Amino acid sequence: MCGIIGYIGDKEAYPILVNGLKRLEYRGYDSAGVAIISGKKLAINKVVGRVENLAKTDGKKMHGSIGIAHTRWATHGKPSIENAHPHLDCSGKIAIIHNGIIENYLELKNRLKKHKFSSETDSEVIAHLVEENYKSSKGNLKDAVSATIKELYGTYALCIIHSEKEEIVVARNGSPIVIGIGKGENLIASDVSAIVEYTKKIIYLDDFEMALVKKDSVRIFDKNGKEIKKEIRAIDWDLTMAEKQGYEHFMLKEICEQPDVIRNTLNVEIKGMKADAIRRIFVVACGTAYHAGLVGKYIIEKVAGIPVIVDAASEFRYRDPLIGKGDLFIAVSQSGETADTLAALRLAKQKGAKTLGIINVMNSTIAREADSVIYTRAGIEIGVASTKAYTSQMIIFYLLAEKLAKKEIRGLKELPILMQKIIEGNQIDKIAKKYFKVYNFIFMGRNINYPTALEGALKLKEISYIHAEGYAAGEMKHGPIALVTDQVPTVAIAVKDSVYSKMVSNMQEVKARNGKIIAIATEGDKEIGKYADDVIFIPKTDEILTPVLAVVPLQLLAYKIAEMRDCDIDKPRNLAKSVTVE
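With our numbering applied, the sequence shown closes on residue 586, and no number is skipped along the way.
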């Protein structure tokens with residue numbers, strides 16, 4: 005991990021590559037590097053920290069029209085110049101950049117004892133393997149790479165150059181990579197956003213495919229080395245969506261975009277879903293998407309009456325799940341590239357289940373491999389901490405439940421207006437100022453808003469680095485209440501619903517132990533102030549719809565606290581937007 009870009013053409017490659025890396029910053033990284041073919045030699049520039057550091061160094065003096073660049077998110081070895089990509093072979097003529105994990109790298113490294121290694125990474129072994137195979141391939145770089153990937157066990161998206169070759173060799177297995185087709189130039193990237201400024205014509209590589217990219221041609225090969233034709237897809241991306249447009253942070257922009265996003269998502273048409281053809285539904289996802297899946301369980305079971313099982317993708321794929329014919333498997337992923345979710349999808353297909361992707365990024369791997377796909381239409385999400393993708397995923401579950409049950413959910417179409425009221429309110433700043441210096445938070449919710457508590461805690465810990473945990477409120481007395489003090493505030497999702505009185509009892513238990521409470525409550529609730537120190541009100545809506553509204557003040561609270569703590573909100577430490585390794 006985490007970001008790849010390559011360029012071959014007639015223009016100066018360095019500024020294009022650095023600009024592409026800036027477009028990939030939202031994916032999360034700890035170091036960056038560039039390799040340029042300059043006068044039949046490789047010029048290398050690597051930095052620890054932000055991509056902007058590349059622009060401050062002598063890299064701007066690197067001239068050449070062929071190059072590759074990378075942002076690294078550490079998996080093997082700490083962040084350092086040595087561990088940053090690109091990695092070179094012993095001759096200094098071959099440079100590689102790699103996303104993924106090579107699981108047998110130690111075995112391969114032990115075979116390459118005559119080679120000098122400069123890093124702690126699994127990726128560097130690829131450069132030395134290519135060097136070995138380049139000799140036996142009589143100087144054919146494509147053949148050398150083809151021989152190399154046959155020895156790799158794990159996942160990879162690779163770009164490889166040789167100082168004496170006017171070409172870039174690309175390979176993929178389990179980690180996304182695309183090729184952008186230009187006029188007299190071509191580009192490679194791990195994410196369309198890195199190259200959309202230069203071309204709207206894209207080829208998506210699939211697993212075990214390779215590409216030989218020159219400035220005026222792209223040749224694709226399958227796992228057997230046979231040349232194949234791939235469809236060139238036109239993408240419809242508005243570059244301004246990837247700009248802040250006056251907002252301080254992408255996260256705030258994306259929170260504020262949610263009413264319009266929800267309007268777009270509500271116009272999605274669900275086709276081909278029949279309840280009588282579905283025995284059970286399995287929803288599998290990671291992180292925030294997993295929380296959307298938990299909300300989806302409540303929605304579908306209540307509205308459509310179909311049993312739903314929700315799993316973290318990293319657990320589902322290793323527990324030999326009892327899934328098969330008659331079951332519907334739903335993979336939820338903003339990027340459509342989440343490694344564990346993709347692996348779970350493939351397992352479900354092997355076991356005979358029908359598969360559906362709830363995806364934001366069009367033509368992503370999960371979108372292509374699932375039997376059917378529903379796009380959330382959330383637009384480009386740059387902030388690492390997901391906001392608008394989450395609410396749009398929940399909306400898809402409402403629409404899916406309506407389709408399966410053949411009935412409407414009252415109040416669904418009013419949600420954008422109600423959400424706008426929350427965003428335009430001024431309830432958050434004072435509360436954030438009161439609590440931004442604390443070290444621990446508890447979030448608690450019940451029923452359909454238990455996942456809201458989980459998501460609120462996740463948002464806070466992701467961007468403010470405050471330890472926060474979400475709990476089912478009824479479980480507080482079974483352990484977590486031991487954490488309650490006057491220095492550990494509790495956020496209670498206490499909307500007027502069928503479990504309101506139970507929630508109030510849980511709040512009283514916290515208050516009895518001197519705990520401070522921030523309540524998310526329904527407008528018009530005159531009693532809630534008796535049980536809470538601070539209250540954030542949301543508009544009244546049907547109980548089943550409350551998660552869409554209740555999460556918005558939690559997003560804003562996390563944002564404001566992180567801002568007051570001077571955190572890097574859009575690029576929080578150690579996190580990546582699209583997790584493409586297992």
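Ideal placement from N, C-alpha and C gives every residue a C-beta, glycine not left out.
Here the structure is a predicted model, which is why all the values come from computation and not from measurement.
Exposed or buried, which one is residue i when buried takes at least 16 other CB atoms within 10 Å?
i    : result
A343 : buried
Y160 : buried
E273 : exposed
L110 : exposed
K219 : buried
S95  : exposed
A393 : buried
R176 : buried
Q559 : buried
E235 : exposed
R577 : exposed
Q338 : buried
Q262 : buried
D572 : exposed
I85  : exposed
N430 : exposed
H67  : exposed
T489 : exposed
Y157 : exposed
R27  : buried
G10  : buried
Y322 : exposed
G71  : buried
I232 : exposed
D93  : buried
If distances are taken between C-alpha atoms only, which option among the options comes closest to residue i?
i    : options                : result
F225 : D211, E155, T359, I236 : D211
N49  : Y322, L28, T75         : T75
N137 : K441, T152, I41, T203  : T152
L547 : D529, A525, S502       : Before going on, a small fix: residue 547 reads as Glu here, not Leu. It is S502.
H119 : V134, F445, Y379, L351 : V134
A566 : A525, Y475, V499, I470 : I470
S407 : I304, T292, N23        : Reading off the sequence, residue 407 comes out as Lys, not Ser. Checking every option, the nearest Cα to that of K407 belongs to I304.
P493 : K534, T456, L162, F440 : F440
P557 : I446, T391, I532       : T391
A374 : K358, M366, T380, V365 : K358
K329 : K257, S127, K355       : K355
Determine the DSSP secondary structure at residue i, reduced to helix, strand or coil.
i    : result
K588 : Any property of residue 588 remains undetermined from this structure, which presents the chain solely from 5 to 586.
A99  : strand
D226 : coil
Y11  : strand
D538 : strand
H74  : strand
G286 : Per the sequence presented here, residue 286 reads as Phe, with Gly not at that position. Strand at F286.
S318 : helix
D280 : helix
M568 : helix
M255 : helix
E273 : coil
R323 : coil
L659 : In this structure the chain extends from 5 to 586, so residue 659 is not present and cannot be described.
E231 : strand
E107 : coil
G37  : strand
H119 : coil
A215 : strand
V265 : helix
L92  : strand
V22  : helix
I640 : Here the chain comprises residues numbered 5 to 586, so residue 640 is not present and cannot be evaluated.
R237 : strand
T342 : coil
K50  : strand
Regarding residue i and the ligand GDP, is the C-beta to nearest heavy atom distance less than 7 Å?
i    : result
E567 : Inclusion of the ligand GDP in the displayed structure is not the case, the ligand content being empty and no account of it being possible.
Practice prompt. Pick out the complete beta strand (DSSP E) segments inside the stretch 354-423, 3 residues or longer, and give them in chain order.
Written response: You should have 358-363, 376-379.
- Task: Quick one: which unbroken alpha helix (DSSP H) runs of 4-plus residues sit fully inside the stretch 498-526? Chain order, please.
- Result: Qualifying alpha helix (DSSP H) stretches, in chain order: 504-515.
Notebook entry, point to check: In chain order, which continuous runs of the alpha helix (DSSP H) of length 4 or greater are located wholly inside the stretch 134-210?
Noted result: Taking only runs of at least 4 residues, the alpha helix (DSSP H) segments lying wholly in the stretch 134-210 are 145-153.
Under 8 Å, with one C-beta from each stretch per pair, do the stretch 296-303 and the stretch 398-409 reach the 3-pair mark? With a cut-off of 8 Å, the stretch 398-409 and the stretch 296-303 count as touching, because enough Cβ pairs lie within range.
Sequence ranges, beta strand (DSSP E) only - wholly within the stretch 426-489, length at least 3: Restricting attention to beta strand (DSSP E) runs no shorter than 3 residues, the stretch 426-489 encloses them at 444-449, 471-476, ordered along the chain.
Pair every Cβ in the stretch 445-456 with every Cβ in the stretch 543-562, then say whether three or more of these pairs are closer than 8 Å. The stretch 445-456 vs the stretch 543-562: in contact.
Between the stretch 406-424 and the stretch 510-520, are three or more C-beta pairs nearer than 8 Å?
Contact annotation: the stretch 406-424 does not touch the stretch 510-520, with fewer than three C-beta pairs closer than 8 Å.
| Just checking, does the stretch 277-291 make contact with the stretch 308-319 on the three C-beta pairs under 8 Å criterion? | Result yes; three or more Cβ-Cβ pairs closer than 8 Å.
message = Measuring CB atoms only, is the stretch 361-377 touching the stretch 315-331, in the sense that at least three cross pairs come out at less than 8 Å?
response = Not touching, per the Cβ criterion.
Does the stretch 535-547 come close enough to the stretch 477-487 to have 3 or more Cβ pairs within less than 8 Å? Touching, no.
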